[in-house]
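Undergrad: For reference, the structure I am asking about is given below.
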Amino acid sequence: MMARSLVRFLVLILAVAICGAASVYSPISDSHRSAAQDVFVPVDGSYKSLEEAYEALKTLEILGIDKKSHVSSVTCENVVKVLGSSSSTLKDAFYALSVNGILKCKTGEDVPKDIVSRLQGVVKDAKLLLDFYYSVRGLLLVKEQFSGTDLSLGDAEAIFHSIKALSQSDGKWRYSSNNPESSTFAAGLAFETLAGVISLAPSDIDQSLIQTLKTGILKLFDSIEKYDDGTLYFDESQGPISTTASVIRGLTAFAASGSTELNLPGDKIVGLAKFFLGVGIPGDAKDFFNQIDALACLEDNRFSVPLILSLPSTVISLTKKEPLKVKVSTVLGSKAPALSVKLTQAISSKTKASSVIKNQELKFDADSATYFLDSFPTSFDIGKYTFVFEILLDDSASEKAYITEAQTEVPIAVTGAISIENAEIAVLDSDVGSVESQKKLDLTKDGTVSLSANHLQKLRLSFQLSSPIGHVFKPHQAFLKLKHESQVEHIFLVKTSGKKAELVLDFLGLVEKLYYLSGKYEIQLTIGDVSMENSLLRNIGHIELDLPERPEKASLPPLRSADPYTRYEPKAEIYHIFRVPEKLPAKQLSLVFLGLIVLPFVAFLIGLMQLGVNVKNFPSSVGPATSALLFHGGIGAVLLLYVLFWLKASFSKPILLKITSTFCIKNLILIILIPPQLDLFTTLKALSLLGVFLLFVGHRTLSHLASATNKLKSA
Amino acid sequence: MMNLSRSVALISLFLLPLLSFSFSVDSPTDRRVLVLLDDLSLKSSHSIFFNTLKSRGFDLDFKLAEDSKLALQRYGQYLYDGLIIFAPSTERLGGSLDSKSIADFVDSGRDLILSADTSASDLIRGIATECGVDFDEDSSAMVIDHTSFSVSDVDGDHTLIAADDLVKSDVLLGKTKIEAPVLFKGVAHSLNPTNNLVLKVLSASPSAYSANPSSKLSNPPQLTGSAISLVSVMQARNNARVVISGSLQLFSDRLFRSGVQKAGSPNNYEKSGNEQFATELSKWVFHERGHLKAGSLVHHRVGETDEPAIYRIKDDLEFSVEIFEWSGKSWEPYVADDVQVQFYMMSPYVLKTLSTDKKGLFHTSFKVPDVYGVFQFKVEYEKLGYTTLSLSKQIPVRPYRHNEYERFIPTAYPYYGACFTTMAGFFVFSFVYLYHK
């Protein structure tokens, strides 16, 4: 359990270490104050419980934010109610007294007698550590807040003994005598309780008791967890913040009450302070309170106040000639006593051994309360350094009251402008190495170099980088990027050898890597480094590569993700192209041809007239005349049937009748017989009937005509 | 790996109708989210992000990633609708959870926020790979950018990136433009080019690269320039949404509150864009935005109101569909000008953009093509960040009947005339021939 939570916590610390400056701890600042206002937001003018109210009010009080008026009315009502009622729990009563200490809802002579007698009762026969804690601390709060009360604790030493009975040999404490599990958190509570007992005790407590307690405290520090940079903390199931805060509260309360001094090693105090500062800004209200409260305890303790060295910026720019600034303050950011800061060493990360700057004292600027170093030796180059600072307190009195780290190591990055010279790009002939074309480059702006090469040639890019003091500079990032039209990219490192950074691309060996893609390649140069202030990304121009054809077996260029914007664009609309109707001649043309077709018929009729056609041969007697009329009527009916059959689909029945009624009356009889559906079958049926009829009347007519002709001939 | 993700996608397609969705159209407000942390202190250090989720009505359940009682489902029912994994270093998840059960969780249509960090564990990398995102294989590598780092980077490592290359999409990042750059410190990833469901939301600048800041480069870095994705999203075919971030700190209170000034830029922002970015992205991933719902496809002939059983070629028809978007509280009419309908048989014959009445109704009208067969009305709506709509309705189209053609053709008048004059001539001739004297 311990190991696992340790691992978890290491992750947290690691995260903090990565995101914050590696081991630069800054004191509580305004960012904490603004965050506190977000974290401790009362709901409807009050907090959920008195415990939360106390934590919120205490934190805001320490940070110097006045929010009391917002919550005081509702919260005070609660406090008065809890203090007045005899049924409220011990915990509530304790927190009501705590809140009262801040809000001053109830003061003066108006002592809550019930509460006092209850607390006194609990102290006498308590068995649980928490009962002791609430009652003793509660009584202490009453003593602080209300004057003129009789707060006799009874037999203080007996109480001291019964609390001490809960302690374990390893410095931890138990919550109750039945529960064998020991806890560091409980130890913190116990120290606080015992401190209360000592201050409430009518007479001095036996020194030997206090002495054993002190050894217990020192034992407790054996179980402290440590991180590489000297950060110290206690860890337990409640989490490191609340456990460590509990211990610190206990220690400071004990130190404040004790008649004797508590000798804690200074680095332990600073380590604990660094732990709380390294946590950053907790988002959880409880953690926030514990952090701020513990820091406030450290700030205001009886043994030694830790001083924290902080740097506004760990990056020094040589071009801007900014001085190195260092601030020293207490954990809550208040002013430190008179002291001097010395830079004992400045070790470059490259040359580990020798120090560039030795034992230089920083100047002090009283206005901004900063210590600064404004001149650096001429040999001071850009790069990464570890600066080692020492704080020396000016007078010996404060040396006792304050405690500092022996040495503070701070990683410093020194940056400067790098000069780029002799930048040139050239295409070389491979076999002889002769220069085909060479161009000078100005890397302060994008260039428009245009080169061309085939696979037997080489491309050479070279430049010289030097640091402000003229040393050869090797950047972390020096990439040449070739980007083909099809978005395939290739990255090459430009390596520095000697004074010159040079890259030679032999295209013969690269054809495979370039996927045999001929065409235009854009050339992009990126030079960047942590220490380089003028890091750059430049488009140099382009090179037209003429590479051999891709063999079948060669690998294809990698796929590229589709562009999300074009992928989701709406598709182009599609309209259906309808089949074009066949081209027809104009209606007039058809009518002209209709006229032409009718002409022969007209000519036929005129011809008949001209020939003097007559119908004198028409039978004169009634019988043959009737049959002849019927014969021609039948022929007419057959022709009309054809016409009707052609027309039928387009006309409905009534129209049919209407049209036909305008014809001669004789045909009307036939029309009525027409069934509504004049399809092929009914038409054929009607035709066969008419045919038989025609056969009969035709025969009679023709035989009559034949006999008439024969009579004429024989006559 | 590709095959796996493909088969996963395929299976999810088949299971689609069988599974209950996390985002159900009936009760979209019911949202339980499991938050897996590798350290409970993250609850406090990332509290602003979690509090915004809580204030939007999410029920967050914080668990340690190694908690042995972890379970995503009980008796075949999923206990959560969303999952946040803020446990970059966890090598093994507790309980019955592994990368497969998380893939199953996403395959069931549920949402995931995954955050890696430098030295991300193989487990986290594995889950990301399933989603089409490959983190830099070098576990010590970080994104470094010597030109667009944040000035507040106290380390001077140029690893605190001030990134402002955001995807241009209102649905992913909200209507309000994110002005301030987003602070990022973490590991780079690239998108699997064969996976077209995943896309970059926050990309690195062209000068960025992924390498170990404390050691010299001996080989060109694998990931450079804008190919580096810092934060990516994936929307599966079943509309499950996934956010993958290379930085856990991006969500932290510290970077939420931190001011930002990009190196070389005069603009100094009081507050980084992180809070807005993370909040808006979380709205998207938990379907508070961009989730569409469509009614049925309605079509009829112009002038009629009932849907016919069959259309004839060259009929004029009217088509409409209603589309709504979930706003986190209610279904709001969806307004867009790029919803398209296809009249489809093997390939689209007609593809038209629908016009909207801004009350959720999209409509258009067109003429049925002169090709007969069984057609489909198809609305396949894919838009960046939105859920995919895929609706179709089948309808047959018949040709003209024989009596629906033109009856009297003017061009044929001479033929008609020839027939009838012949008939009339015959009639006259029969008189003349028989009775002439």
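Listed in order, the protein sequences are those of chains A and B. FYI, in UniProt numbering the residues of the first sequence are 1 to 715. FYI, in UniProt numbering the residues of the second sequence are 1 to 437. Built from N, CA and C at the ideal position, the CB exists for glycine as well.
Grouping DSSP H, G and I as helix and E and B as strand, with all else coil, what is B/S45?
TA: Residue state, collapsed to three classes: helix.
Undergrad: Check whether the region 61-75 of chain A touches the region 27-34 of chain A, taking contact to mean three or more Cβ pairs, one atom from each stretch, closer than 8 Å.
TA: In short, these stretches touch, since the Cβ pair count reaches three.
Undergrad: Roughly how many angstroms separate the alpha carbons of A/T709 and B/Y435, rounded to a whole number?
TA: Using only the alpha carbons, I get a separation of about 11 Å.
Undergrad: Would you check if the region 692-706 of chain A and the region 620-633 of chain A touch, i.e. whether three or more CB-CB distances between them fall below 8 Å?
TA: At 8 Å Cβ cutoff, the stretches touch.
Undergrad: Could you spell out the range, first to last residue, of the beta strand (DSSP E) harbouring B/M234?
TA: Segment S229 to Q235, the beta strand (DSSP E) holding B/M234.
Undergrad: Would DSSP call B/Y311 helix, strand or coil?
TA: Strand at B/Y311.
Undergrad: Measuring straight from C-alpha to C-alpha, what distance separates A/L343 and A/P377?
TA: Whole-angstrom Cα-Cα distance: 13 Å.
Undergrad: Given a threshold of 16 other Cβ atoms within 10 Å of its Cβ, counted over all protein chains shown, does B/K168 qualify as buried or as exposed?
TA: That one is exposed.
Undergrad: In angstroms, rounded to a whole number, what distance separates the CA positions of A/L694 and A/G595?
TA: When rounded, the distance between both Cα atoms is 33 Å.
Undergrad: Would B/A236 and B/P221 qualify as a contact pair, given that the criterion is a beta-carbon distance under 8 Å?
TA: Against a cut-off of 8 Å, the Cβ pair of B/P221 and B/A236 comes out as no contact.
Undergrad: Would you be able to state if there are at least three C-beta pairs under 8 Å between the region 325-339 of chain A and the region 293-303 of chain A?
TA: Cβ pair count under 8 Å is three or more, so yes.
Undergrad: For a minimum of 4 consecutive residues, which ranges assigned as the alpha helix (DSSP H) are wholly contained in the region 170-217 of chain B?
TA: Complete alpha helix (DSSP H) runs here, min 4: 170-173.
Undergrad: For B/V106 and B/A240, I'd like the C-alpha separation in whole angstroms.
TA: When rounded, the distance between both Cα atoms is 6 Å.
Undergrad: Would you kindly report the start and end of the unbroken beta strand (DSSP E) that includes A/F372?
TA: Note, A/F372: beta strand (DSSP E), T370 to L373.
Undergrad: What is the C-beta distance between A/V99 and A/L50, in whole angstroms, given that I count them as a contact (C-beta under 8 Å)?
TA: About 6 Å; that satisfies the 8 Å criterion.
Undergrad: Check each candidate in B/P414, B/F426, B/F420 and B/C419 and name the one with the smallest Cα separation from A/V592.
TA: It is B/P414.
Undergrad: I think A/L189 touches A/G250, with their Cβ atoms under 8 Å apart; what is that distance to the nearest whole Å?
TA: Sure, about 7 Å apart at Cβ, within 8 Å.
Undergrad: Does B/Q235 get closer than 8 Å to chain A when you measure Cβ to Cβ?
TA: Chain A, which has no Cβ nearer than 8 Å to the Cβ of B/Q235, makes this no.
Undergrad: Give me the residue from A/S354, A/P337, A/G283 and A/L441 with the minimum Cα distance to A/A397.
TA: If we check each option's Cα against that of A/A397, A/P337 comes out closest.
Undergrad: Is it buried or exposed, B/P181, if we count other Cβ atoms within 10 angstroms and call 16 or more buried?
TA: When all chains shown are included, B/P181 counts as buried.
Undergrad: Find the nearest neighbour of B/S121 within the set B/K63, B/R254 and B/T90, judged by alpha-carbon distance.
TA: The candidate whose alpha carbon is nearest that of B/S121 is B/T90.
Undergrad: Could you tell me whether the Cβ atoms of B/I228 and B/A204 are closer together than 8 Å?
TA: Yes, the pair counts as a contact, with Cβ atoms nearer than the cut-off.
Undergrad: Find the nearest neighbour of A/I574 within the set B/L79, B/Y344 and B/S44, judged by alpha-carbon distance.
TA: That would be B/Y344, whose Cα lies nearest to the Cα of A/I574.
Undergrad: Within a Cβ cutoff of 8 Å, which residues of the same chain sit near A/G196, ignoring the five residues on either side of it in sequence?
TA: Once the five neighbours on either side are set aside, the close Cβ partners of A/G196 are V136, R137, L139, L140, A253 and S257.
Undergrad: Assuming A/F185 and A/E236 make a contact with CB atoms under 8 Å, what is their CB distance in whole Å?
TA: Indeed, because the Cβ distance is near 6 Å, the residues count as touching under 8 Å.
Undergrad: Distance cutoff 8 Å, beta carbons only. Does A/E573 sit that close to anything in chain B?
TA: Chain B contact via Cβ: present.
Undergrad: Along the region 548-563 of chain A, where does the CB come closer than 8 Å to a CB of chain B? Name the residues.
TA: Listed by position, the residues of the region 548-563 of chain A near chain B (Cβ gap below 8 Å) are P558, L559, R560, S561 and A562.
Undergrad: Going by C-alpha to C-alpha distance, which of B/A65, B/F50 and B/L64 sits closest to B/F58?
TA: Out of B/A65, B/F50 and B/L64, B/F50 has the C-alpha closest to the C-alpha of B/F58.
Undergrad: Do you know how far the Cα of B/L42 is from the Cα of A/V122?
TA: Straight-line Cα distance between these residues: approximately 39 Å.
Undergrad: Do you know whose CA, among A/V341, A/D367 and A/V41, lies nearest A/E361's CA?
TA: That would be A/V341, whose Cα lies nearest to the Cα of A/E361.
Undergrad: Assign A/T59 to buried or exposed, taking buried as 16 or more other Cβ atoms, counted over all protein chains shown, within 10 Å of its Cβ.
TA: Per the 10 Å Cβ criterion, buried.
Undergrad: Compute the Euclidean distance between the alpha carbons of A/I606 and B/A418, then round it to the nearest angstrom.
TA: Their backbone Cα atoms lie some 18 Å apart in a straight line.
Undergrad: Could you tell me which uninterrupted alpha helix (DSSP H) segments, each at least 4 residues in length, are contained entirely in the region 94-155 of chain B, listed from first to last along the chain?
TA: Taking only runs of at least 4 residues, the alpha helix (DSSP H) segments lying wholly in the region 94-155 of chain B are 99-107 and 122-130.
Undergrad: Measuring straight from C-alpha to C-alpha, what distance separates A/W173 and A/Y47?
TA: In a straight line, the C-alpha of A/W173 is about 32 Å away from that of A/Y47.
Undergrad: State the DSSP-derived secondary structure class of A/Q457, mapped to helix, strand or coil.
TA: Here A/Q457 sits in strand by DSSP.
Undergrad: Taking DSSP's pairing of strands, which residues face B/N268 in a bridge?
TA: B/Q261, per the DSSP bridge assignment.
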